[in-house]
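Numbering (full-length UniProt numbering), first residue to last: 1 to 370.
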C-alpha cells in the first residue's frame, strides 16, 4: 500500500473510532497523527490501540478530506447528523462496507461534492430519496447488499456516468433511469431482474450495458435507440428471442448472449458491420443468420447449441481468428474455412462429423492445422 493511501486509510480509521463515549479534545492527538504519518505498521497498530480508549469527535478536523473509507462503523453512520456530515463538504469519494447498516441516512444527500459512492455488504433495502441531490456524482456502485429498489430520484443524477449493481435483490429499474443522459456504463449482475424499462432507450450516451446472471426474459424494443452502445452482454438470463431493432446498434463491437434460451436469431443481426466478438454459447440455436457482413469479426463462439451446419460464407470473414463450435450437431465443416487467413484457433470437438461429408482437401488442411 502506497504511503499516501495508507495515511488516508488509517487516518479514516483513526477518526471513525466506534466507542460511544463522551467526545472531547485529546492532548496527544498530534502525537497519534505522527504515528499514522510514519506509515510504519508497528506505529499504526500502536496508534490504533491507543485511540480505542480516547474520546475524539467523529468528524473533527476532516473538512478537507477527499476520500473516506468506512468499515465496521454502522452505528456511527446511522447516528450521523446534519452538523457532522456538513463538515465533509469536500468529500469526493465515499466507500462504505458495513454488514450491520440497515438504513442509509438521508443526510447522505448533503455531500454535494461527492463524485463516487460505493456501498458494499449493506442490509439497507432502499436508498435515501436525498440521493437525487448528489448532482456531482459520477460513479455509483452497490454490491453484495440487500437493496430491493432504486428510488425514482436516481434520475436526478445528471452527472452519473457509471452505475454498477451486483448481487442485490433488485427486481426492476425505475423509469427515471432514462433521464441519466450522461450514463455510459450500466452493469447489473446476479440480481433477480426480470425486465428493463422501455426508458432504457433514452440513454443516449450508453456505451456498455451488462445484465448477467439475472432473470431477464426479454429486451425492450427501445434498445435500438442506444445508438452509442459498443458492448452488450446478456449472459446467463432467460432470453428466448431478440428484438429485430437490435440491428440499429451500428456501433456494437461485443455481443454476448451466452447461456440463454435462444432458438433463433433475428436476420437483422447480420447488419452489425463493426461486430468483433460474438458469443452465443449454450443456447438452442439451429442455424445462424447471414454472416457475410461481419467483416470485422475476430472471435465467434457458438458452443453447446444445435447447429447442423455452418454457413459457407464464413470464409468471407477475413478478420476471424477464433472459432468455437464444440458440442453441436455438425456433420461437416464448410471448405471455405480454409480461406480464413487470420484463423489461429478452430475448436470443433464433440460434433457428429462424418468423414464422407467433409471435403478431402479440408481434411488435410485440418490435420495440418491441428
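Note that CB positions come from ideal geometry on N, CA and C, so glycine has one too.
Should residue i be labelled buried (16 or more other beta-carbon atoms within 10 Å of its own) or exposed?
i: residue 250; result: exposed
i: residue 53; result: Per-residue confidence for residue 53 stands at a pLDDT of 47, beneath the threshold of 50, marking its modelled position as unreliable; the derived number appears in the next sentence. Exposed, by the Cβ-count rule.
i: residue 90; result: exposed
i: residue 24; result: Residue placement at residue 24 is flagged as unreliable, the pLDDT there being 45, under the threshold of 50; a coordinate-derived value is accordingly withheld.
i: residue 100; result: exposed
i: residue 302; result: buried
i: residue 260; result: buried
i: residue 145; result: buried
i: residue 355; result: exposed
i: residue 65; result: buried
i: residue 283; result: buried
i: residue 364; result: exposed
i: residue 361; result: exposed
i: residue 98; result: buried
i: residue 345; result: exposed
i: residue 20; result: Because residue 20 sits at a pLDDT of 36, beneath the cut-off of 50, its placement in the model cannot be relied upon, and the point is left open.
Considering just the uninterrupted stretch of the beta strand (DSSP E) at residue i, what are its terminal residues?
i: residue 323; result: 322-324
i: residue 142; result: 139-143
i: residue 369; result: No beta strand (DSSP E) contains residue 369, which DSSP labels as neither H nor E.
i: residue 93; result: 93-97
i: residue 117; result: 116-120
Report yes if the C-beta distance between residue i and residue j is below 9 Å; otherwise report no.
i: residue 300; j: residue 278; result: yes
i: residue 286; j: residue 318; result: no
i: residue 87; j: residue 121; result: no
i: residue 305; j: residue 339; result: no
i: residue 258; j: residue 236; result: yes
i: residue 326; j: residue 349; result: yes
i: residue 309; j: residue 336; result: no
i: residue 224; j: residue 199; result: no
i: residue 322; j: residue 291; result: no
i: residue 132; j: residue 157; result: yes
i: residue 175; j: residue 148; result: no
i: residue 138; j: residue 118; result: no
i: residue 233; j: residue 267; result: no
i: residue 106; j: residue 129; result: yes
i: residue 230; j: residue 208; result: yes
i: residue 190; j: residue 214; result: yes
i: residue 95; j: residue 127; result: no
i: residue 265; j: residue 288; result: yes
i: residue 240; j: residue 212; result: no
i: residue 274; j: residue 246; result: no
i: residue 186; j: residue 171; result: no
i: residue 307; j: residue 293; result: no
i: residue 173; j: residue 197; result: yes
i: residue 135; j: residue 116; result: no
i: residue 228; j: residue 253; result: no
Identify the continuous alpha helix (DSSP H) that holds residue i and give its terminal residues.
i: residue 327; result: Residue 327 -> no alpha helix (DSSP H), and no H or E assigned at all.
Using the DSSP secondary-structure output, state which residues sit across from residue i in a beta bridge.
i: residue 233; result: 210 and 256
i: residue 337; result: According to DSSP, residue 337 bridges with nothing at all.
i: residue 301; result: 279 and 324
i: residue 189; result: 166 and 212
i: residue 348; result: Answer is none; residue 348 lacks a bridge partner.
i: residue 68; result: 94
Closest Cβ-Cβ distance between residue i and chain D: below 9 Å?
i: residue 104; result: In summary, chain D is missing from the structure at hand, where a single protein chain is found.
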